[in-house]
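Right, one structure below, let's go through it.
Residue numbers (my numbering): 15 to 90.
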């Protein structure tokens with residue numbers, strides 16, 4: 015039963031009329047979207063932003079390590 019349903023679904027989907035320039039329009043839209051980098055991408059391409067982000071990640075890592083160590087070294 016599932017195979018028959020799937021085959022009928024495939025036949026219905028294959029019979030749809032797709033415009034001749036559909037693939038070209040999709041690829042053009044992708045190219046336009048890739049041509050305009052987002053502000054966030056442009057921001058993180060700067061050295062200062064990457065340095066800030068890495069520094070914040072390192073601080074967060076150290077804080078987490080200290081919290082884990084505090085679990086075992088707690089004098090109470």
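We put the CB at the ideal spot given by N, CA and C, even for glycine.
- In this structure, the CA atom of residue 61 is about 56 Å from the CA atom of residue 16.
- Around residue 39, the same chain offers no residue with a beta carbon nearer than 6 Å, after the five sequence neighbours per side are excluded.
- For residue 22, the uninterrupted alpha helix (DSSP H) run begins and ends at 16–28, by DSSP.
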